[in-house]
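Here is the structure we will look at.
Number of protein chains: 4
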Amino acid sequence: MNADYLYKRVSESFEKQSFLTLIGAKIEHVEKGKVIVSCERKETLLQQQGLLHGGVITTLADISGGYAALTTMPENSEVLTVELKINLMRPATSNKIIAVGEVIKAGKTLVIVESTVTGEDNKIIAKMTSTMYSTHS
Amino acid sequence: MNADYLYKRVSESFEKQSFLTLIGAKIEHVEKGKVIVSCERKETLLQQQGLLHGGVITTLADISGGYAALTTMPENSEVLTVELKINLMRPATSNKIIAVGEVIKAGKTLVIVESTVTGEDNKIIAKMTSTMYSTHS
Amino acid sequence: MNADYLYKRVSESFEKQSFLTLIGAKIEHVEKGKVIVSCERKETLLQQQGLLHGGVITTLADISGGYAALTTMPENSEVLTVELKINLMRPATSNKIIAVGEVIKAGKTLVIVESTVTGEDNKIIAKMTSTMYSTHS
Amino acid sequence: MNADYLYKRVSESFEKQSFLTLIGAKIEHVEKGKVIVSCERKETLLQQQGLLHGGVITTLADISGGYAALTTMPENSEVLTVELKINLMRPATSNKIIAVGEVIKAGKTLVIVESTVTGEDNKIIAKMTSTMYSTHS
Numbered sequence: 009m010n011a012d013y014l015y016k017r018v019s020e021s022f023e024k025q026s027f028l029t030l031i032g033a034k035i036e037h038v039e040k041g042k043v044i045v046s047c048e049r050k051e052t053l054l055q056q057q058g059l060l061h062g063g064v065i066t067t068l069a070d071i072s073g074g075y076a077a078l079t080t081m082p083e084n085s086e087v088l089t090v091e092l093k094i095n096l097m098r099p100a101t102s103n104k105i106i107a108v109g110e111v112i113k114a115g116k117t118l119v120i121v122e123s124t125v126t127g128e129d130n131k132i133i134a135k136m137t138s139t140m141y142s143t144h145s
Numbered sequence: 009m010n011a012d013y014l015y016k017r018v019s020e021s022f023e024k025q026s027f028l029t030l031i032g033a034k035i036e037h038v039e040k041g042k043v044i045v046s047c048e049r050k051e052t053l054l055q056q057q058g059l060l061h062g063g064v065i066t067t068l069a070d071i072s073g074g075y076a077a078l079t080t081m082p083e084n085s086e087v088l089t090v091e092l093k094i095n096l097m098r099p100a101t102s103n104k105i106i107a108v109g110e111v112i113k114a115g116k117t118l119v120i121v122e123s124t125v126t127g128e129d130n131k132i133i134a135k136m137t138s139t140m141y142s143t144h145s
Numbered sequence: 009m010n011a012d013y014l015y016k017r018v019s020e021s022f023e024k025q026s027f028l029t030l031i032g033a034k035i036e037h038v039e040k041g042k043v044i045v046s047c048e049r050k051e052t053l054l055q056q057q058g059l060l061h062g063g064v065i066t067t068l069a070d071i072s073g074g075y076a077a078l079t080t081m082p083e084n085s086e087v088l089t090v091e092l093k094i095n096l097m098r099p100a101t102s103n104k105i106i107a108v109g110e111v112i113k114a115g116k117t118l119v120i121v122e123s124t125v126t127g128e129d130n131k132i133i134a135k136m137t138s139t140m141y142s143t144h145s
Numbered sequence: 009m010n011a012d013y014l015y016k017r018v019s020e021s022f023e024k025q026s027f028l029t030l031i032g033a034k035i036e037h038v039e040k041g042k043v044i045v046s047c048e049r050k051e052t053l054l055q056q057q058g059l060l061h062g063g064v065i066t067t068l069a070d071i072s073g074g075y076a077a078l079t080t081m082p083e084n085s086e087v088l089t090v091e092l093k094i095n096l097m098r099p100a101t102s103n104k105i106i107a108v109g110e111v112i113k114a115g116k117t118l119v120i121v122e123s124t125v126t127g128e129d130n131k132i133i134a135k136m137t138s139t140m141y142s143t144h145s
């Protein structure tokens with residue numbers, strides 16, 4: 009599977025997710041086992057202190073991990089998040105946050121991923137580990 | 009602390025969160041140690057299969073747990089999510105989802121909560137456990 | 009499947025686990041979707057402050073959840089822990105701890121469980137959620 | 009703080025934990041923010057298929073992370089595990105397993121760590137993220 013194919017596969021699924029459009033998530037990079045997505049601070053995405061909401065950060069981590077998993081799955085598979093655990097370590101004061109999702113164990117049915125969310129200063133905002141499930145159609 | 013006071017405390021913070029307005033989250037119930045919030049299916053909140061996005065479900069679980077924690081904290085405290093872990097168990101096919109957040113251990117600095125997200129049929133969509141942190145101002 | 013059969017199934021697997029003998033874990037109760045196990049404080053199971061070690065508490069939570077999952081799986085299945093998340097909420101000052109494992113979603117391949125560990129005073133020591141995997145032989 | 013001091017601090021606490029003696033855990037390396045521990049396969053540490061028990065793997069991950077956290081805390085602090093989440097990815101078929109615990113965010117009260125458990129072949133057996141709490145005496 010080449011990079012163009014993987015990018016197309018991820019972006020076609022990505023564009024079907026209206027919630028990702030709503031929060032303005034963007035695909036930055038796709039390779040086998042690794043997907044990077046980003047999101048910019050907007051007035052509609054904030055929590056009570058004016059910082060990017062934890063729900064946005066978690067969503068970004070989740071999709072970077074989910075799509076990283078998808079790149080290791082057979083064609084016609086869909087990816088589902090079985091569970092995710094995220095530690096929110098620093099407030100997201102940055103104008104842009106970036107989530108790097110990587111596969112750490114690619115199984116046939118289950119794919120274990122982690123995702124690191126950083127700001128423009130490269131400091132870690134959050135770290136997620138997650139179990140993804142492959143459904144074959 | 010009476011119920012009116014707790015409701016006011018939660019709703020004032022809630023209304024400052026623009027992201028909660030964006031997803032249409034609503035407060036259903038507030039009591040000491042327990043907060044219920046809900047959210048309706050909208051075209052902008054979906055994943056690639058047309059179901060409510062996991063990020064929305066997780067956000068709802070998080071805020072129900074966070075505000076449940078807040079009701080046990082001293083006045084002038086703010087609540088931060090240290091970490092959350094959520095198992096997504098069933099697709100959210102319902103038109104409305106409800107998250108019931110409850111405190112299971114109220115400490116001085118850390119409050120441990122869980123949240124159960126169900127659909128209108130009362131089936132469990134997701135279950136979260138989370139560690140909340142109290143910051144005093 | 010009757011209760012005797014389920015008890016036999018769990019206890020046969022239980023007895024093959026030398027580590028459970030080492031820590032003195034005991035089966036207290038088995039029913040479909042629910043298994044209770046216990047463990048007593050011993051001089052060999054302690055942490056630096058003389059309390060039951062978190063590793064013992066976590067092991068007990070894990071096996072109560074794993075065996076609860078097994079009771080919902082087809083014969084000849086084995087159960088594997090995919091992941092577990094545990095919040096350790098109170099020190100285990102009790103002479104005996106009890107872990108109640110319960111299935112909250114029984115799928116074909118994945119079974120989601122939770123386990124609550126309490127002391128003799130019924131106070132919650134720890135709460136776990138976990139994803140179990142069924143392997144068919 | 010020099011390496012000898014940190015090693016002494018960790019090993020003095022380590023030796024007080026009878027459960028670590030029971031499972032035969034050993035300190036391999038101590039530096040600020042990073043602790044490596046190991047454990048060998050023994051007949052008393054197995055699960056039903058004759059592999060190292062998940063409870064042993066989790067304990068090893070926990071203590072590597074806990075002691076990594078301790079090396080960043082003020083003198084006279086004790087470290088407590090607030091929560092841990094571990095993904096068990098491969099069976100522990102190795103005769104020896106090694107857990108590398110590292111601090112990813114050192115706060116005043118909370119320290120976030122991760123731990124990677126590998127076998128002698130360097131393949132990842134398990135990955136943990138955890139929240140540690142510093143108690144000052």
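Chains A, B, C and D are the protein sequences, given in the same order.
Just add 8 to wherever you are in the first sequence, counting from 1, and you've got my numbering.
Just add 8 to wherever you are in the second sequence, counting from 1, and you've got my numbering.
Just add 8 to wherever you are in the third sequence, counting from 1, and you've got my numbering.
Just add 8 to wherever you are in the fourth sequence, counting from 1, and you've got my numbering.
The beta carbon of each residue, even a glycine, is placed where N, CA and C say it ideally should be.
From a predicted model like this one, the values you see are computed outputs, not experimental measurements.
Closer than 8 Å to chain B by CB, residue i
i, result
"C:K113", "yes"
"C:G132", "Position check: residue 132 of chain C holds Ile in this sequence, whereas Gly was assumed. Output row for C:I132: interface = yes."
"D:L14", "no"
"C:M81", "no"
"A:E48", "no"
"A:L78", "no"
"C:N95", "yes"
"A:E51", "yes"
CB of residue i within 8 Å of CB of residue j, strictly
i, j, result
"B:S123", "B:M136", "yes"
"A:L30", "A:I71", "no"
"A:V43", "A:A11", "no"
"A:G127", "A:I112", "no"
"B:T48", "B:G58", "Before going further, note that residue 48 of chain B is Glu rather than Thr in the sequence given. Their beta carbons are not under 8 Å apart, which means B:E48 does not touch B:G58 by this criterion."
"D:G41", "D:E110", "yes"
"A:G63", "B:G63", "yes"
"A:V45", "A:A107", "yes"
"B:V90", "B:S142", "no"
"A:S138", "A:V121", "yes"
"B:I35", "B:S19", "yes"
"C:K16", "D:Q56", "no"
"C:H144", "C:S85", "yes"
Neighbour flag for residue i against chain A, beta carbons, 8 Å
i, result
"C:E91", "yes"
"B:S26", "yes"
"C:T66", "no"
"B:D70", "yes"
Unbroken beta strand (DSSP E) run spanning residue i, endpoints
i, result
"D:L96", "85-96"
"D:A107", "104-114"
"B:L118", "118-126"
"C:E48", "42-48"
"D:A134", "132-144"
"B:E39", "34-39"
Any chain C beta carbon closer than 8 Å to residue i
i, result
"D:H61", "yes"
"A:T117", "yes"
"B:T137", "yes"
"B:I120", "yes"
"D:S21", "yes"
Assumed close pair residue i, residue j - CB separation to whole angstroms, cut-off 8 Å
i, j, result
"D:T79", "D:L14", "5 Å"
"A:S26", "B:L53", "7 Å"
"A:T117", "C:T117", "6 Å"
Delimiting residues of the alpha helix (DSSP H) encompassing residue i
i, result
"B:A69", "62-78"
"A:T29", "26-31"
"A:D12", "11-23"
Residue-chain proximity (residue i, chain D), Cβ-Cβ < 8 Å
i, result
"A:I44", "no"
The ligand HEM heavy atom lying under 7 Å from the CB of residue i
i, result
"B:V119", "The ligand HEM is not part of this structure, which contains no ligands at all."
Q. Okay, do the stretch 91-99 of chain B and the stretch 124-135 of chain B touch, 3+ Cβ pairs below 8 Å being the bar?
A. Yes, since at least three Cβ pairs between the stretch 91-99 of chain B and the stretch 124-135 of chain B fall closer than 8 Å, the two stretches touch.
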